[in-house]
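See below for the structure under consideration.
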Amino acid sequence: MSELSVRHLLGIKYLNRRDIELIFETADHFKEVLSRPIKKVPSLRDITIANIFFENSTRTKLSFELAEKRLSADVVNFSAAQSSVRKGETLIDTVNNILSMKVDMVVMRHPNPGAGIFLSKHVKASIINAGDGAHEHPTQALLDSYSIREKLGDVGGKKVVIVGDILHSRVALSNIFALQLLGAEVKVCGPKTLMPKHVESLGVTVEPNLRNALEWCDVANMLRIQNERMDMSYFPSTREYTRQFGINRKLLESLSKEIVIMHPGPINRGVEITSDVADSGQSIILNQVENGVAIRMAVIYLLASQIKQ
Amino acid sequence: MTKKLLLSAKEIDIILHRLACQLLESHLDFSDSVLIGLQPRGTFLANRLLELLRKEYKVKDIPFGLLDITFYRDDFRRGDKTLAASSTDITFLVEGKRVVLIDDVLYTGRSIRAALTAIQSFGRPREIELLTLIDRRFSRHLPIQPNYRGRQVDAINEEKVKVSWVENDGEDAVYLISQ
Chain V
1 MSELSVRHLL
11 GIKYLNRRDI
21 ELIFETADHF
31 KEVLSRPIKK
41 VPSLRDITIA
51 NIFFENSTRT
61 KLSFELAEKR
71 LSADVVNFSA
81 AQSSVRKGET
91 LIDTVNNILS
101 MKVDMVVMRH
111 PNPGAGIFLS
121 KHVKASIINA
131 GDGAHEHPTQ
141 ALLDSYSIRE
151 KLGDVGGKKV
161 VIVGDILHSR
171 VALSNIFALQ
181 LLGAEVKVCG
191 PKTLMPKHVE
201 SLGVTVEPNL
211 RNALEWCDVA
221 NMLRIQNERM
231 DMSYFPSTRE
241 YTRQFGINRK
251 LLESLSKEIV
261 IMHPGPINRG
271 VEITSDVADS
281 GQSIILNQVE
291 NGVAIRMAVI
301 YLLASQIKQ
Chain A
1 MTKKLLLSAK
11 EIDIILHRLA
21 CQLLESHLDF
31 SDSVLIGLQP
41 RGTFLANRLL
51 ELLRKEYKVK
61 DIPFGLLDIT
71 FYRDDFRRGD
81 KTLAASSTDI
91 TFLVEGKRVV
101 LIDDVLYTGR
111 SIRAALTAIQ
121 SFGRPREIEL
131 LTLIDRRFSR
141 HLPIQPNYRG
151 RQVDAINEEK
161 VKVSWVENDG
171 EDAVYLISQ
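For the record, the sequence lines run as chains V and A. Residues in the first sequence are numbered consecutively from 1, following UniProt numbering. Residues in the second sequence are numbered consecutively from 1, following UniProt numbering.
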């Protein structure tokens, strides 16, 4: 079938394998569209989408907006900084006010985990979660797996290690769900203080040593140190973190095979990854960004196709 | 359900030769022309014509592409099921070219309307022509007519015209199917 099993994209947790495969197949077509001189299709010309960002974002917002415009949707943007949220309005009221202006779909980023799920139960529009606190960031995980599939041919059977701040990372959680659904094996690596308790219950193994993790894996996904989410010190200094969990050319060259390096961005150059690695041929960081638009077009297109007239 | 044979393999073969000759007559060496098969079912006809032109009529280097029109259709969100896309494979620009769109059945004309929009993503062609194997002439919703047609068929809306190809369906044949 060519339809998703869900009406909203709230998290990878709610998808099945067929959904992800359908999103990838659709993204393949949109990737071809994006290579044309005119990168726009008229499918969504009668759909209006609101991008509601209660938290800062540059590339995700840009990527969603480009995806929406290339599908010919009408787009309205809203960021909390200049809004009546500051004046005390509730989330449901804010969104219902926007929806009463005939908006069909809401792309939302919110600092609270579960905000998208909450909203989907109270408003009529289709909701796409663009990151809810430390919970999920489904489109990032989809584009990550899609980029692995593009680079290595398949995600199934591959070994992926996620390195860094697993505790605060919605990218890590969504990636774990997506990679496992597609049949990859996942390890996590990082300081003990940034490892969630019971992370093994997700079916991943913890590898405290970066070198061992890199020797094992096909792909290393390096997460950003999220200083803005750290309410206390989780490691003594950035320098110490870099020495233990940062990746550099020397380390990569000492491995027995060539691995693929990913990073969800924005990069702290010289902290979790050095410039020579980030800009090397092994890195697919810019492919991830490029694929982000095609993946988001696919998600929006497939969800919009379920909005009946 | 009744199934009536409209065209046999032999008749299809004769028609394909005629269509290839008609294309030759107006495009000569195809130096300024491109053939575009419409996904999914127009691709079989397009491939057959391409092969004929190359092998039987010795035309070299005909630019050839496949175009999917799913994202350009005017019935998005209007049907019960979501439309699955096929792949587009056009590796050249159509700017200033003479484009021949190829599809198996011309029915309401809506697919062709979508194709006319879709092809513009690859540049501004000098002209666009349409070739179809079957022309259901009394079923049009839009003012679109083929430049080259295999056979005109008068069928009512409840009837279906099914084109079968050896490479996909095991035989070359055109059937009229009525419920």
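The C-beta atom is built at its ideal place from N, Cα and C for all residues, glycine as well. It should be emphasised that the depicted structure is a prediction, and the values quoted were computed from it without experimental measurement.
Residue-chain proximity (residue i, chain A), Cβ-Cβ < 8 Å
i: residue 308(V); result: yes
i: residue 36(V); result: yes
i: residue 21(V); result: no
i: residue 325(V); result: Because residue 325(V) is not part of the residues shown, which for chain V are 1 to 309, the question remains open.
i: residue 68(V); result: no
i: residue 111(V); result: no
i: residue 3(V); result: yes
i: residue 305(V); result: yes
i: residue 43(V); result: yes
i: residue 48(V); result: no
i: residue 8(V); result: no
i: residue 137(V); result: no
i: residue 26(V); result: yes
i: residue 29(V); result: yes
Per-residue burial, residue i [other beta carbons within 10 Å of its own, 16 or more giving buried]
i: residue 73(V); result: buried
i: residue 297(V); result: buried
i: residue 198(V); result: exposed
i: residue 122(V); result: exposed
i: residue 59(A); result: buried
i: residue 177(V); result: buried
i: residue 186(V); result: buried
i: residue 92(A); result: exposed
i: residue 300(V); result: buried
i: residue 141(A); result: exposed
i: residue 291(V); result: buried
i: residue 364(V); result: Past the boundaries of the shown model lies residue 364(V); chain V is included only from 1 to 309, so the question cannot be answered.
i: residue 30(A); result: buried
i: residue 76(A); result: buried
i: residue 219(V); result: buried
Local conformation of residue i per DSSP, three classes
i: residue 168(V); result: coil
i: residue 45(V); result: coil
i: residue 148(A); result: strand
i: residue 116(V); result: helix
i: residue 53(V); result: strand
i: residue 1(A); result: coil
i: residue 119(A); result: helix
i: residue 103(V); result: coil
CB contact flag (residue i, residue j, <8 Å)
i: residue 144(A); j: residue 104(A); result: no
i: residue 136(A); j: residue 163(A); result: no
i: residue 303(V); j: residue 145(V); result: no
i: residue 263(V); j: residue 295(V); result: no
i: residue 174(V); j: residue 136(V); result: yes
i: residue 87(A); j: residue 150(V); result: no
i: residue 76(V); j: residue 41(V); result: no
i: residue 132(A); j: residue 109(A); result: no
i: residue 165(V); j: residue 223(V); result: yes
i: residue 114(A); j: residue 89(A); result: no
i: residue 163(V); j: residue 221(V); result: yes
i: residue 67(V); j: residue 293(V); result: yes
i: residue 172(A); j: residue 12(A); result: yes
i: residue 267(V); j: residue 282(V); result: no
i: residue 241(V); j: residue 196(V); result: no
i: residue 217(V); j: residue 171(V); result: no
i: residue 203(V); j: residue 180(V); result: yes
i: residue 23(A); j: residue 53(A); result: yes
8 Å Cβ cutoff, residue i in contact with chain V
i: residue 84(A); result: yes
i: residue 93(A); result: yes
i: residue 145(A); result: no
i: residue 120(A); result: yes
i: residue 75(A); result: no
i: residue 87(A); result: yes
i: residue 184(A); result: Shown here, chain A extends from 1 to 179; a query on residue 184(A) therefore has no answer.
i: residue 78(A); result: yes
i: residue 117(A); result: yes
i: residue 123(A); result: yes
i: residue 81(A); result: yes
i: residue 103(A); result: no
i: residue 135(A); result: no
Stretch pair the region 99-114 of chain A + the region 43-61 of chain A: three plus CB contacts closer than 8 Å
Yes: the two stretches touch, three or more of their Cβ pairs being nearer than 8 Å.
Specify whether the region 127-140 of chain V and the region 101-119 of chain V touch according to this definition: at least 3 beta carbon pairs, one from each stretch, less than 8 Å apart.
Counting Cβ pairs under 8 Å, three or more are found: they touch.
Are the region 55-65 of chain V and the region 17-35 of chain A in contact at 8 Å, needing three or more beta carbon pairs?
no
Would you call the region 54-68 of chain A and the region 31-43 of chain A in contact, with 3 or more CB pairs under 8 Å?
Segment contact: the region 54-68 of chain A against the region 31-43 of chain A, three or more CB-CB distances shorter than 8 Å; contact assigned.
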